[in-house]
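Q:
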Amino acid sequence: MIAAFHTHPNPPLPYGGRRHAAPDLFAAALAVDGLSAGYDRRPAVRDISFELPEGCFAALVGPNGAGKSTVLKAAAGLLRPTSGTVRAFGLPPGACHHRTAYLPQRGDIDWRFPVTVERMVMGGRFVHLGWLKWPRRQDRAVVGRTLDRLGLTGVAERPIAELSGGQQQRVLVARAMAQGADLLLLDEPFNNLDAETRADLMTLFAELRAANKTLLVATHDFDRPADHFDFVVRLRDGCHEPEAVPS
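Residue numbers (the numbering used here): 2 to 248.
(1) So Val174 packs on Leu104, CB below 8 Å; how close in whole Å?
(2) Only counting runs of 4 or more residues, tell me where the alpha helix (DSSP H) segments fall wholly within the stretch 106-136, in order along the chain.
(3) Asp34 bridges to which residues according to DSSP?
(4) Need the endpoints of the alpha helix (DSSP H) that Arg43 sits in, please.
(5) Identify which residue in Asp48, Ala60, Gly91, Gly124 has its Cα closest to the Cα of Gln249.
(6) Considering Leu209, what are the terminal residues of the alpha helix (DSSP H) in which it resides?
(7) Just how far apart, CA to CA, sit Ala77 and Gly155?
(8) Taking only three categories from DSSP, how would you classify Gly68?
(9) Could you pull the DSSP bridge partners for Gly39 from this structure?
(10) Can you tell which of Ala157, Arg150, Asp140 has its C-alpha closest to the C-alpha of Thr117?
(11) Does the distance from the CB of Val46 to the CB of Gly239 come in under 8 Å?
(12) If you draw a straight line from the C-alpha of Lys74 to the C-alpha of Leu80, how long is it?
(13) Any chance the stretch 211-218 sits against the stretch 53-60, with 3 or more Cβ pairs inside 8 Å?
(14) Determine whether the beta carbon atoms of Ser84 and Gly152 lie at a separation below 8 Å.
Written as structure tokens, this is what we have:
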């Protein structure tokens with residue numbers, strides 16, 4: 002990975018292998034069944050269950066410390082469940098790794114890392130390339146289109162350390178989009194953004210949903226109108242309340 006992600010190291014190098022399996026075309030985009038997971042043997046979430054169909058826009062809602070990030074990391078294959086199962090398109094996390102993109106919180110990134118915006122976004126293409134391979138022409142074209150869509154072309158050669166908070170968030174979204182994933186797991190993408198940037202992101206997420214992408218957005222500030230989301234999953238103190246239901 003290009004930037005330093007402060008995530009739990011279990012399992013190591015989750016996107017480093019070349020494992021791939023064909024997805025189940027009839028399975029849910031994300032199915033979480035009885036998920037319990039935590040850190041250092043301390044549970045952060047307990048018995049979480051929900052299912053998201055392909056092409057939906059879902060919110061994972063709860064206060065800080067409710068377990069939202071833990072659920073997303075388990076779904077991304079960055080954290081191994083202590084019990085229960087997680088399936089993306091009918092497969093365990095990592096079995097079809099390029100189809101799932103995880104967008105961490107901005108605070109989980111080392112923004113002092115010496116890399117440009119373009120190189121940061123190019124990191125989204127590494128799941129297609131494998132380790133120690135150079136980007137191809139098609140990868141550079143994908144990154145160029147993504148930078149343009151996110152309004153980042155003008156800062157493509159700028160170090161990520163020089164970006165504003167809104168630009169940093171757009172870079173993370175661009176990295177996930179450049180991957181071409183079908184399931185996007187977004188951890189607090191609206192946090193500390195101004196109203197205009199939030200509105201821009203909501204428009205972008207609606208476009209992705211219209212393209213049959215599945216989005217699960219974690220947020221503690223549920224001031225988005227409920228009709229923006231197809232499903233809402235609510236967490237409190239590591240527990241699920243209530244079931245995911247159409248909003």
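Glycine included, each C-beta is placed from N, C-alpha and C at the ideal position.
A: Inspection of the coordinates gives the following:
(1) 6 Å
(2) 118-123, 127-130
(3) According to DSSP, Asp34 bridges with Thr86.
(4) Taken as a continuous stretch (DSSP letters only), Arg43 belongs to no alpha helix (DSSP H), being part of the beta strand (DSSP E) at 43-53.
(5) Since the first residue shown for the chain is 2 and the last is 248, residue 249 is missing from the structure and cannot be characterised.
(6) Here the alpha helix (DSSP H) through Leu209 covers 196-211.
(7) 31 Å
(8) In the structure shown, Gly68 sits in coil (DSSP, three-state: anything other than H, G, I, E or B).
(9) Pro44
(10) Among Ala157, Arg150, Asp140, the Cα nearest to that of Thr117 is on Ala157.
(11) Cβ atoms of Val46 and Gly239: closer than 8 Å.
(12) 5 Å
(13) yes
(14) no
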